[in-house]
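Here the structure is laid out as structure tokens; the discussion comes afterwards.
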């Protein structure tokens, strides 16, 4: 995507204020209004730029699947799926200041177009079955519309070493996981989990496609 001419200045001001511990939402409004940022640009700031010390902590937890950091991979399924689907839909997907791939689609686990949902799940299934040797547990929020559809779609699929777990809240369960590795870009989980974390959407998309992701680290 093409950014506003002053987007880089906005990123730098936004990060400077975050590093001074100003409230994130107020900083977003202040900087967004100051530079007249578009809605998508504001979303990219909010999801893409973390305080410097927080970003460094997140990066220390990042592992690659090929490193085999654990025997079991606990997957925050809708978090992962939405980023993959956002890329398939041509929505902004970018590498954040903490090194993680995130999106600005703001789907929030709502309704996803059926063809994109199916393609995203098929990609994840194929990647998990063909590219990983570890056991995977996929936690899916069954109350979310996208979660219901994903669970239904997965019923008759070959899942081999994948266990699908319908839950009221994937975050609630994943916060309690103390062994294995996680696959998520959720900042609260990154901050609180003692486990190594995999950037599953980025590894999948880089394996199947040739993405030229926007890297926000070039703006700071």
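Numbering (our numbering), first residue to last: 582 to 801.
Backbone N, C-alpha and C define an ideal beta-carbon position, used for all residues, glycine too.
Nearest CA to the CA of residue 685: which residue from 703, 630, 721, 734? Residue numbering aside, residue 685 sits at position 104 when the chain shown is read from its first letter. With distances taken between Cα atoms, residue 685 lies closest to 630.
Does the beta-carbon distance from residue 710 to residue 752 come in below 7 angstroms? Here residue 710 refers to the residue found at position 129 when the chain shown is read from its first residue. Here residue 752 refers to the residue found at position 171 when the chain shown is read from its first residue. The answer is no: Cβ separation not under 7 angstroms.
Where residue 742 falls: helix, strand or coil (DSSP): Reading the chain shown from its first residue, position 161 is the one you call residue 742. Residue 742: coil per DSSP, three-state reduction.
In terms of residue numbering, what span does the alpha helix (DSSP H) encompassing residue 681 cover? The residue labelled residue 681 in the question sits at position 100 within the chain shown. Element bounds for residue 681: n/a, residue is neither H nor E.
Quick one: grab the DSSP three-state call for residue 634. Position 53 of the chain shown, counting from 1, holds the residue named residue 634. Helix.
Mapping DSSP to helix, strand and coil, what is residue 619? Position 38 of the chain shown, counted from the start, is the residue given in the question as residue 619. In the structure shown, residue 619 sits in coil (DSSP, three-state: anything other than H, G, I, E or B).
Suppose contacts are defined by Cβ-Cβ distances below 7 angstroms. Is residue 778 in contact with residue 596 by that definition? Along the chain shown, one-based indexing puts residue 778 at 197. Along the chain shown, one-based indexing puts residue 596 at 15. No, the pair does not count as a contact, with Cβ atoms beyond the cut-off.
Taking buried to mean at least 16 other C-beta atoms within 10 Å of its own C-beta, is residue 772 buried or exposed? In the chain shown, residue 772 corresponds to position 191, counting from 1. So residue 772 counts as exposed.
Would you grab the beta carbon distance between residue 766 and residue 644 for me? Rounded to a whole angstrom, and I think it's under 8 angstroms. Position 185 of the chain shown holds residue 766. Position 63 of the chain shown holds residue 644. Actually they are not in contact, since the Cβ atoms of residue 766 and residue 644 sit about 14 angstroms apart, beyond 8 angstroms.
From the DSSP secondary-structure annotation, give me the bridge partner or partners of residue 653. Sequence index remark: in the chain shown, residue 653 carries index 72 (1-based). In the DSSP output, where bridge partners are listed per residue, residue 653 has 716.
For residue 790, count neighbouring Cβ atoms within 10 angstroms of its own Cβ and tell me buried if that reaches 16, exposed if not. If you number the chain shown from 1, residue 790 lands on position 209. It is exposed - the Cβ of residue 790 has fewer than 16 other Cβ atoms within 10 Å.
For residue 584, the three-state DSSP class (helix, strand or coil): Translated into the one-based positions of the chain shown, residue 584 becomes position 3. In this structure, residue 584 counts as coil in the three-state DSSP scheme.
For residue 750 and residue 721, I'd like the C-alpha separation in whole angstroms. Counting from one through the chain shown, the residue named residue 750 turns up at place 169. Counting from one through the chain shown, the residue named residue 721 turns up at place 140. Spanning the two alpha carbons is a distance of roughly 8 angstroms.
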